[in-house]
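The structure appears right after this line, and notes come after that.
There are 2 protein chains.
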Amino acid sequence: MSGADPSETAIKAWTRLVRAQVMVLGGVEADLKAAGFPPLSWYDVLLELRRAERGLRPMELESRLLLAQHNVSRLIDRLAVNRLVRKRPSANDGRGQIVEITEAGRDLLRRMWPLYRRAIQRHMGSKLDAPDTDRLARLLKKLLA
Amino acid sequence: MSGADPSETAIKAWTRLVRAQVMVLGGVEADLKAAGFPPLSWYDVLLELRRAERGLRPMELESRLLLAQHNVSRLIDRLAVNRLVRKRPSANDGRGQIVEITEAGRDLLRRMWPLYRRAIQRHMGSKLDAPDTDRLARLLKKLLA
DNA sequence: TCCGTATAAATGCAACTGCATGTATTTAGT
DNA sequence: ACTAAATACATGCAGTTGCATTTATACGGA
Numbered sequence: 058m059s060g061a062d063p064s065e066t067a068i069k070a071w072t073r074l075v076r077a078q079v080m081v082l083g084g085v086e087a088d089l090k091a092a093g094f095p096p097l098s099w100y101d102v103l104l105e106l107r108r109a110e111r112g113l114r115p116m117e118l119e120s121r122l123l124l125a126q127h128n129v130s131r132l133i134d135r136l137a138v139n140r141l142v143r144k145r146p147s148a149n150d151g152r153g154q155i156v157e158i159t160e161a162g163r164d165l166l167r168r169m170w171p172l173y174r175r176a177i178q179r180h181m182g183s184k185l186d187a188p189d190t191d192r193l194a195r196l197l198k199k200l201l202a
Numbered sequence: 058m059s060g061a062d063p064s065e066t067a068i069k070a071w072t073r074l075v076r077a078q079v080m081v082l083g084g085v086e087a088d089l090k091a092a093g094f095p096p097l098s099w100y101d102v103l104l105e106l107r108r109a110e111r112g113l114r115p116m117e118l119e120s121r122l123l124l125a126q127h128n129v130s131r132l133i134d135r136l137a138v139n140r141l142v143r144k145r146p147s148a149n150d151g152r153g154q155i156v157e158i159t160e161a162g163r164d165l166l167r168r169m170w171p172l173y174r175r176a177i178q179r180h181m182g183s184k185l186d187a188p189d190t191d192r193l194a195r196l197l198k199k200l201l202a
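From first to last, the protein sequence lines are chains A and B.
Residue numbering for the first sequence is 58 to 202, as defined by our numbering.
Residue numbering for the second sequence is 58 to 202, as defined by our numbering.
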């Protein structure tokens with residue numbers, strides 16, 4: 058299947074992917090919000106920053122999170138206002154910033170994860186058995202390759 | 058797998074689903090936008106309206122498209138401003154509206170579909186062979202059940 | 001019939017996103 | 001070294017979304 062037109066099956070898969078986005082991603086987001094937590098985008102940024110111990114440049118976050126430049130800029134702003142990250146000028150590039158996670162940011166990650174984990178289980182894990190989950194993960198990997 | 062915590066595999070599947078949302082859905086949206094077409098949400102509304110020949114109530118669109126009430130209200134407004142749909146009061150419910158697709162709306166659907174189809178193929182169909190596409194469609198169906 | 005409650009849809013306001021542009025700094029060509 | 005082009009990031013503005021509230025109509029019980 059690599060012709061110019063998608064098969065009927067591909068279209069089915071497409072519509073279900075769209076719906077899964079609304080139901081599963083939307084569901085997890087809603088669970089987090091209902092518990093008073095910030096959106097997943099905050100979590101994603103903080104997680105990347107915790108992984109990269111040395112801090113990250115905004116443009117690195119941009120490519121890792123597949124976000125537009127201006128969105129990264131403002132997302133970082135919001136996180137900085139809430140003292141979850143800290144910005145400092147880059148030593149070797151006067152145009153650049155280095156963004157680091159703060160202790161409050163680490164704490165938020167720690168507090169969010171148990172609920173996030175449960176939300177993933179509720180909206181995804183509980184719908185598929187282990188072999189199916191594995192199959193789905195593999196297929197999505199191919200899709201993203 | 059129905060315990061309280063998701064398996065590592067479930068988490069893998071989750072992160073890939075998130076990424077697929079950005080890459081695949083984002084990719085298709087971008088293709089349409091690049092061709093000067095309105096967002097997919099417009100297409101979705103028009104498609105539902107064309108299927109339901111008699112027109113639909115906003116609340117019916119709401120449940121079919123899994124959108125929030127206020128978003129449907131404004132989405133319809135925008136479509137109506139562009140003469141793609143028409144609103145008229147419901148005969149048997151004074152609170153209600155009936156939304157119908159116009160000829161211009163049908164025309165937009167016809168003009169968008171070839172490109173939409175190609176975008177689906179590009180971002181999904183071409184990444185998976187026929188059996189894998191079928192498997193993905195089945196797994197997503199389970200996920201949505 | 002009248003009244004309280006539920007439902008359908010719209011809307012004011014704040015937050016967020018996209019797009020284009022602006023500002024500062026680095027890099028490359030001469 | 002000097003200037004043009006590229007890069008990193010920020011920002012003004014318009015469009016979109018979420019949330020709470022409002023308006024209008026329908027319904028159900030006394």
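Here a beta-carbon is modelled for each residue, glycine too, at the ideal position from N, C-alpha and C.
What span of residues does the beta strand (DSSP E) with Glu157 (chain B) cover, start to end? 154-158
Hey, would you say Val79 (chain A) sits closer than 9 Å to Leu123 (chain B), going by beta carbons? yes
Under 7 Å by beta carbon: chain A residues contacting Trp207 (chain B): Because residue 207 (chain B) is not part of the residues shown, which for chain B are 58 to 202, the question remains open.
Express the C-alpha separation of Leu82 (chain B) and Leu165 (chain A) in angstroms, rounding to a whole number. 29 Å
Count Cβ pairs between the stretch 178-190 of chain B and the stretch 178-189 of chain A that sit closer than 8 Å; are there 3 or more? no
Helix, strand or coil at Arg131 (chain B) according to DSSP, with G and I counted as helix: helix
Would the beta-carbon of Gly162 (chain A) fall within 9 Å of that of Leu197 (chain A)? no
For Ala67 (chain B) and Ala176 (chain A), what's the separation of their Cα atoms in angstroms? 11 Å
Is Arg143 (chain B) close to chain A? Criterion is C-beta to C-beta, closer than 9 Å. no
Which chain B residues sit within Cβ distance under 8 Å of Arg192 (chain A)? Arg192, Leu196
Against chain B, with Cβ distances strictly below 9 Å, would Asp164 (chain A) count as a contact? no
Residues near Leu141 (chain B) in its chain [Cβ-Cβ closer than 8 Å; skip 5 each side]: Trp99, Leu103, Ile158, Thr159, Ala161, Gly162, Leu165
To the nearest angstrom, how far is it from the Cα of Pro171 (chain B) to the Cα of Leu97 (chain B)? 14 Å
Please classify Arg114 (chain B): does DSSP put it in a helix, a strand, or coil? coil
8 Å CB neighbourhood of Ser147 (chain A) in its chain, flanking five on each side removed: Arg114, Gly153, Gln154, Ile155
Between the C-alpha atoms of Ile133 (chain B) and Ala125 (chain B), what's the straight-line distance to the nearest angstrom? 12 Å
Does any residue of chain A bring its CB to less than 9 Å from the CB of Met80 (chain B)? yes
Using a Cβ-Cβ cut-off of less than 9 Å, list which residues of the stretch 113-143 of chain A approach chain B; keep chain order. Leu122, Leu123, Leu124
Give the DSSP-derived three-state secondary structure of Pro188 (chain B) in the structure shown. helix
Going by the DSSP bridge assignment, what does Pro146 (chain A) pair with across the sheet? A:Gln154
Can you tell me the Cα-Cα spacing of Ser178 (chain B) and Leu193 (chain B), whole angstroms? Here residue 178 (chain B) turns out to be Gln, not Ser, going by the sequence shown. Whole-angstrom Cα-Cα distance: 15 Å.
Answer with buried or exposed for Thr72 (chain B), where buried requires no fewer than 16 other C-beta atoms within 10 angstroms of its C-beta. exposed
Pair within 9 Å by beta-carbon distance, Arg174 (chain B) and Asp62 (chain A): yes
Which residues mark the beginning and the end of the alpha helix (DSSP H) in which Arg76 (chain A) is found? 65-77
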